[in-house]
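Just below is one structure, and these are the notes that go with it.
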Amino acid sequence: MRITNQLINFNNLSNYQASAKSIYDINQRYDSGLKIQNSYDNSSIYVDGTRLEYEINLLDQVKQTSTKATEFSKNSDKALNDFVSKLTEFKTKLIQAGNDIHNETSRNAIANDLEGLKKHLIDIANSSINGQFLFSGTALDTKPIDSAGNYHGNNQLINAAIGANQTTAYNIDGQTLFLGKDNDYKKILTTNVSLIDNKTKLTSDATNYLNAANKILDLIGGNYRSEELVAQIGKMNPELDFADPAALADTTFYMQGRKPNGETFSTKFKVTADSSIQNLLDNIGYALGNDKNGKNNVVSVAINNSGQIEVTDLKSGNQMTELHIFGLTDVRGPETFKVGDRDIVIDPATHTDFRVTTEKRTVGGVSTDVLIVDSVNPAGNKYEITQVAGGDLSIQQVDKTTGANIGAATNVTPVAGKLVLNPADLTGGITAADFRAYDPANIEALSDRGARDENGNWVSSANLTDTKTITQNVEKGNVYLTEFIKSGFEDVLGNKSDAIDYNKLQFEKTDNKLSSNVSQVIKGTNEYATNSTKLSAVAGQALQANPNSNITMNIKSKDGTNYEVKLNFTDTNSNTTERYPTITVTPLDDNWEKPATATPVYYGNVYSGKYNEATKTTDGVITPADDMTYQQLNDIVSMVAAGNLPSGQPNTNVIANIDTASRNTYADANALKTALKNGVTDVQAQGIIDRVVDASGIAYPIDFTANGNALRDIKDAILGDQDYVTSRYNEYNTAIKSASSTINTTLDYRGNMVVTDKTASKTDIEVTLFEDRGRGNIEFTDMYKRDAAGNIELDAAGNRIIDTYQSTTGSLFSFTSNNAIAIDEPSVDIFKDLDDMIQSVRDGSYRGYPDASDPRTTGIQGALKKIDHLMDHINKQHTQIGSYTNSLTATGDRATILKVNVSSVKSEIMEADIGETYLMFQQRLMAYQAMLQATAKTSQISLLNYI
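Numbering follows full-length UniProt numbering, in which position 656 of the sequence shown is assigned residue number 656; successive positions increment by one, without gaps.
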């Protein structure tokens with residue numbers, strides 16, 4: 001190999017550069033303290049270092065986040081400390097209010113103190129730090145509680161990131177805190193009417209509350225006699241008149257409600273006068289689902305020291321149980337009817353021979369009383385008795401079948417004063433003598449005990465099956481009403497409800513809002529329903545299991561029109577497999593009665609929309625019953641309340657025409673088309689009717705009285721035509737949107753329906769929702785099975801057998817009910833509960849009190865029970881926020897320790913060792929110097945040195 005100067009110089013330069021770079025790299029280690037300066041210096045070290053740097057930054061972020069979250073949770077913890085302290089003070093004052101020493105002035109003073117504490121609690125609930133509210137969920141800028149105690153935040157938790165894919169909550173949302181649910185608490189119901197010993201009242205003014213050992217005859221006392229009979233012969237004798245309980249009338253108790261398992265029921269049971277109150281309590285338990293052998297009880301039923309019945313659901317966390325109860329006892333006394341200004345006593349000698357009823361009729365614009373007596377013998381006579389001008393009585397015989405007049409009416413001028421009528425006397429020729437003068441001395445002979453059923457038959461009150469007939473008998477004094485619950489609601493006519501009324505009651509009105517009082521609870525989950533909840537989820541069964549299931553609404557709209565809205569879940573006049581719900585809206589008169597000439601102003605189905613990808617438009621869809629939601633029910637209420645109904649055309653006319661066609665014969669298709677299109681102005685609908693009739697395949701002539709199915713097929717085809725449905729949906733949807741601008745209907749956080757009139761500060765709208773139900777007019781069935789002869793069936797052990805049918809006859813839906821009042825239940829509504837407690841103090845009611853300003857409060861005793869629950873609920877949430885604080889503190893400490901450990905590992909991997917680096921520097925420096933010296937020597941070598 002030839003070594004030239006060029007090669008030597010190249011090698012020298014290369015060695016110089018390599019040595020200089022090596023020394024430079026070592027110097028860089030000194031300056032930076034790192035083993036590498038660039039990622040390409042050592043990819044393994046770089047990757048490990050970068051990963052560890054990320055971990056350190058993450059731990060720094062965790063530390064920072066946990067510190068901020070800890071401060072938030074500590075502030076929440078402190079606020080809850082204050083909340084518990086004020087609740088404790090609230091409870092102390094409640095206990096003070098429960099002492100008998102207070103008068104109205106001192107009670108009001110305590111109530112004012114409690115009001116101040118409640119306002120302080122609201123202030124605590126609205127605590128904020130740096131403009132962020134502690135208890136509004138993730139809506140940090142929303143004030144959670146308004147002055148009325150309503151919650152406006154959400155139920156979302158705020159989460160802090162404490163690691164990769166790791167988060168932890170650090171707040172308590174207000175919905176859980178103020179409106180939450182404790183599944184370790186039981187629902188406790190109470191009646192608010194105290195049962196007293198009315199037998200003792202006959203001889204003493206002392207008020208003695210009943211207990212379980214008392215008898216039913218103690219409950220009824222002197223009320224076995226009518227007031228009129230007492231006025232003539234005196235009160236009952238506690239010793240003589242009660243010596244033989246078998247001679248006293250039985251008492252029948254009527255119950256409705258919902259069992260703990262969510263099943264609705266409506267039943268009645270009869271007990272003898274010498275039965276104990278404990279027997280009554282046991283029967284209440286059986287109606288609610290208790291086992292007669294006591295092995296599988298679902299409720300506990302007791303009577304408290306104030307004579308009020310308390311029902312405890314034995315399943316913790318369950319809040320479905322509802323109860324309504326009243327009792328009827330036949331009263332001995334004369335049966336009196338009013339005809340004009342005359343009182344007519346019906347002679348009891350023929351009570352069982354004649355049906356007797358009354359009704360109001362309008363004659364010449366004047367409301368007239370009509371007394372109707374009808375022989376039970378098919379061959380007997382029927383008479384209508386009215387008062388005419390001058391005070392005479394007019395007796396008109398009518399046909400028993402058609403009601404047509406038979407001959408001319410006979411007018412008589414009876415003696416003055418109260419009259420006695422034996423209807424049998426009318427059959428021998430009508431004279432004034434048929435109406436005898438009433439002699440008070442004969443009152444016992446004119447007295448009987450019993451009631452009139454819906455047809456006017458004289459029966460025991462145990463045979464009454466509907467509330468309308470029961471109310472009529474109570475008003476006439478035929479039966480004594482034992483009240484258990486009085487709520488102060490109003491019925492559809494605006495009258496204060498009594499103990500008989502259950503759920504045909506108006507929504508409560510406050511300014512521009514109307515609210516129901518029964519929460520819609522999902523069967524099985526015990527959660528409150530929302531707008532998106534299906535009705536079937538609350539009913540707990542298929543809505544079409546009973547073809548008569550419905551929701552009936554009586555609504556007074558903004559313009560003052562009274563409407564009946566009938567939402568039938570099953571179209572019984574249909575041949576389709578899926579019988580869709582129907583809506584019928586009919587105007588009513590001022591007395592909420594349906595005029596004889598009334599016709600529906602709207603008929604249709606429940607519609608929704610479905611987007612059609614092919615046409616890029618929305619098709620109308622008829623909603624099946626079990627898919628119908630509360631939002632759709634709310635929409636119906638809003639439309640009618642606003643007076644914004646969908647067009648009555650063409651549905652109403654089509655249905656009316658089909659009804660007419662069902663009674664006629666048609667020679668050909670054109671005749672049928674003409675009949676079905678009568679009054680239908682919608683061109684599209686006319687075309688659909690023509691198309692359906694042409695495709696029906698009907699053989700003419702056809703008599704629809706004998707071919708109803710063919711007509712139902714035509715109806716189904718018309719109403720189910722896609723073009724027809726889409727047009728009706730568009731009208732329906734337009735009406736909903738229009739109504740929403742003035743009326744808002746929704747379910748609130750407790751599943752109560754709330755209707756808001758957006759255009760008024762005080763609304764005139766009225767809303768009543770209920771289920772019109774039963775077999776015919778039957779609302780109550782016997783709790784115990786009866787054989788064909790009407791006798792109660794017994795099992796092998798001699799026990800009465802409960803009839804399972806009664807569990808299926810109750811209302812599937814209740815919205816406003818005169819039901820038992822909840823002393824406590826799993827769910828809380830803190831500020832509304834506090835309001836009820838304060839009202840109980842103002843009223844001075846120690847338990848539920850029907851004459852209080854708010855009969856639905858539970859009294860101070862109930863308030864003390866509830867305040868313990870509220871305090872326990874807050875303490876649970878307090879514990880929860882404490883656990884969040886501890887967890888976040890531990891997370892921050894752990895992040896600090898981990899950062900030290902990771903930093904140490906990173907230091908070992910990335911940082912240069914000074915000693916090692918110094919030795920390496922010395923080595924490279926010596927090598928560098930040696931290289932320079934060798935280069936210098938080499939550069940001095942020349943051929944001249946060898947010449």
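All C-beta atoms in this analysis are idealised placements derived from N, C-alpha and C, irrespective of residue type, glycine included.
What does a CB cutoff of less than 7 angstroms around residue 761 pick up in its chain, not counting 5 residues either side in sequence? 511, 512
Neighbourhood of residue 496 by C-beta distance below 8 angstroms, restricted to the same chain and skipping five residues each side: Hits under 8 angstroms: 488, 489, 490.
Tell me the DSSP secondary structure of residue 407 in three-state form. coil
Go through the segment 681-762 residue by residue and report every complete run of the beta strand (DSSP E) that reaches 3 residues or more, in order. 743-747, 753-757
DSSP three-state assignment for residue 393, whether helix, strand or coil: Note: residue 393 maps to strand in three-state DSSP.
Kindly list the residues whose CB is nearer than 8 angstroms to the CB of residue 750, restricted to its own chain and excluding five residues on each side of it in sequence; keep chain order. Cβ within range, chain order: 179, 519, 528, 827, 829.
Stretch pair the segment 269-282 + the segment 251-259: three plus CB contacts closer than 8 angstroms: yes
Does the count of Cβ pairs from the segment 654-674 and the segment 708-725 closer than 8 angstroms reach three? Contact holds between the segment 654-674 and the segment 708-725, because three or more Cβ pairs, one in each stretch, are under 8 angstroms apart.
Is residue 574 near the ligand HEM, judged by its Cβ being under 6 angstroms from some heavy atom? Judged by which ligands are present, the structure shown has none, so any question about the ligand HEM falls away.
So does the segment 420-437 actually touch the segment 339-352, counting three or more Cβ pairs closer than 8 angstroms? yes
Proximity of residue 563 and residue 555 at Cβ, strictly below 7 angstroms: yes
Is residue 830 helix, strand or coil by DSSP? helix
Under 8 angstroms: do the segment 87-99 and the segment 881-893 share three or more Cβ pairs, one atom per stretch? no
Is the separation between the beta-carbon of residue 81 and that of residue 129 shorter than 7 angstroms? no
Buried or exposed: residue 929, going by 16 or more other Cβ atoms within 10 Å of its Cβ? exposed
In angstroms, rounded to a whole number, what distance separates the CA positions of residue 190 and residue 209? 15 angstroms
Mark residue 295 as exposed unless 16 or more other C-beta atoms lie within 10 angstroms of its C-beta, in which case mark it buried. exposed
Confirm, please, whether the CB-CB distance from residue 676 to residue 689 is below 7 angstroms. Yes, they are a contact pair.
Is the segment 437-451 touching the segment 224-236 in the sense that three or more CB pairs, one from each, lie closer than 8 angstroms? yes
For residue 774 and residue 881, I'd like the C-alpha separation in whole angstroms. Bear in mind that the predicted position of residue 774 carries a pLDDT of just 49, short of 50, making it too unreliable to give a figure here.
Boundaries (first-last residue) of the beta strand (DSSP E) holding residue 956: A query on residue 956 cannot be resolved here, the shown segment of the chain reaching from 1 to 947 and no further.
Taking residue 414 as the reference, which of 435, 718, 429, 426 has the closest Cα? It is 435.
Can you give me the start and stop residues for the beta strand (DSSP E) that residue 449 sits inside? In the DSSP assignment, residue 449 falls within the unbroken beta strand (DSSP E) covering 447-449.
Other residues of its chain near residue 758: CB distance less than 8 angstroms, five sequence neighbours each side excluded: 512, 741, 742, 743, 744
Mind checking who residue 612 pairs with in its DSSP beta bridge? 617
Rounded to a whole number of angstroms, what is the C-alpha to C-alpha distance between residue 927 and residue 55? 41 angstroms
Ignore the nearest five residues each way along the sequence and tell me which others in residue 763's own chain have a CB closer than 6 angstroms to its CB. 512, 757
Check each candidate in 381, 389, 390, 50 and name the one with the smallest Cα separation from residue 406. If we check each option's Cα against that of residue 406, 381 comes out closest.
Would you kindly work out how many angstroms separate the C-alpha atoms of residue 807 and residue 264, rounded to a whole number? Below a pLDDT of 50, predicted positions are generally treated as unreliable, and residue 807, at 49, falls in that range; no measurement from the model is reported.
From residue 52 to residue 168, what does the alpha carbon distance come to, in whole angstroms? 24 angstroms
8 angstroms CB neighbourhood of residue 315 in its chain, flanking five on each side removed: Around residue 315: 186, 260, 298.
Could you say which of 783, 305, 452 lies nearest to residue 374 if we only look at CA atoms? 452
So, for residue 69: in the same chain, excluding its five sequence neighbours on each side, which residues have a beta-carbon less than 6 angstroms away from its beta-carbon? 160, 170, 888
Leaving out the 5 sequence neighbours to the left and right, which residues in its chain are closer than 6 angstroms to residue 309 when beta-carbon positions are compared? If you ignore the 5 residues before and after residue 309, its C-beta comes within less than 6 angstroms of the C-beta of 191, 303, all in its own chain and listed in chain order.
On the DSSP bridge list, what partners appear for residue 236? None; residue 236 has no bridge partner.
So the candidates are 502, 620, 485; which of them puts its Cα closest to the Cα of residue 466? 502
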